[in-house]
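Residue numbering for the sequence shown follows my numbering, beginning at 183 and increasing consecutively.
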Amino acid sequence: MKRTAREVDQVQGSWVEEHRRKRFSGSMNEAEQDFNHVMLSVIEDGQFSDHDHDTVINATCLTLIIGGSDSTVITLTWALCPLMNNPSTLKRAQDELDIKVGKHRQVDESDIKNLVYLQAIIKETLRLYPAAPLSVPREAMEDCTMAGFHIQAGTRLLVNLWKLYKNPRIWSDPLEFQPERFLTKHVDLDVRGQNFEFLPFGSGRRVCPGISFALEFLVCVEPSSYF
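Have a look at this one:
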């Protein structure tokens, strides 16, 4: 683990140094202005004067890379399990792909809006097998009362998402894999943090910045895994 962490850190560090050299030489074109470029611009504005600049950039970028790749792989892996155990669900997804996409090409980004059942499968996977069973910690900035409990300033709080997604008062047959629930009763449920019974990407100012990418990636990649 430590060796891998060092290797990843070295790769990210080399990217930062390459961007820094190109910025100083003026040889960086617009297509190369990625997140590292943005971070270097922010650092130059003096917004992190009390911290080591390279540490801030590397830590931020690695958080996005590791957080995005691990959770996506976990979700794709878990999506395979219920599909293999539910032939009727698999057949319905195959039929949708045959009709909306065809049998002679891969799923494209423009197809996603038409693959409503496949989207429902992804949502049900996120509900039944959340990559993050606990939410990202939040810290109370001041004393407050929540659900009748007094919360002191500085207290860290986590939401038990796994338990929330298995609550029978919200989800009928909560332990069953039923993508159809997102086409009927929960069809209008938003996955971007607006409905608190389903928060696969968090909510508020700290919501996952990769929501759109993750949803499109999962819908595009998942069919190639089993069809």
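Each residue gets a CB set at the ideal place from its N, CA and C atoms; glycine is no exception.
Of the candidates E321, R320 and T242, the residue whose Cα lies closest to the Cα of D191 is T242. Per the DSSP secondary-structure output, H332 pairs in a beta bridge with T327.
Remark: C-beta atoms of N218 and V198 approach each other more closely than 8 Å. The alpha-carbon separation between K305 and P269 amounts to approximately 18 Å. In this structure the stretch 380 to 399 lies against the stretch 316 to 324, because at least three pairs of beta carbons, one per stretch, are closer than 8 Å. Burial state of G330 is exposed, judged by a 10 Å Cβ sphere holding fewer than 16 other Cβ atoms. DSSP, read as helix, strand or coil, puts L381 in coil.
The beta carbons of K204 and E214 sit about 7 Å from each other, so the pair counts as a contact at 8 Å.
Contact between the stretch 391 to 405 and the stretch 240 to 258 is present: three or more C-beta pairs spanning the two stretches fall below 8 Å.
No residue range can be given for A213, since it is assigned to no alpha helix (DSSP H) and is classified by DSSP as neither H nor E. The Cβ atoms of I352 and E324 lie no closer than 8 Å to each other. Sixteen is the threshold: since fewer than 16 other Cβ atoms of the shown chains lie within 10 Å of the Cβ of E398, the residue is exposed. The Cβ atoms of L400 and T245 lie no closer than 8 Å to each other. Under a 10 Å Cβ-count criterion, R185 is classified as exposed, with fewer than 16 other Cβ atoms of the shown protein chains found around its own Cβ.
At the C-beta level, V298 and V289 stay beyond 8 Å of one another.
With respect to the C-alpha of P312, the residue from G195, F383, A187 and C402 having the closest C-alpha is F383.
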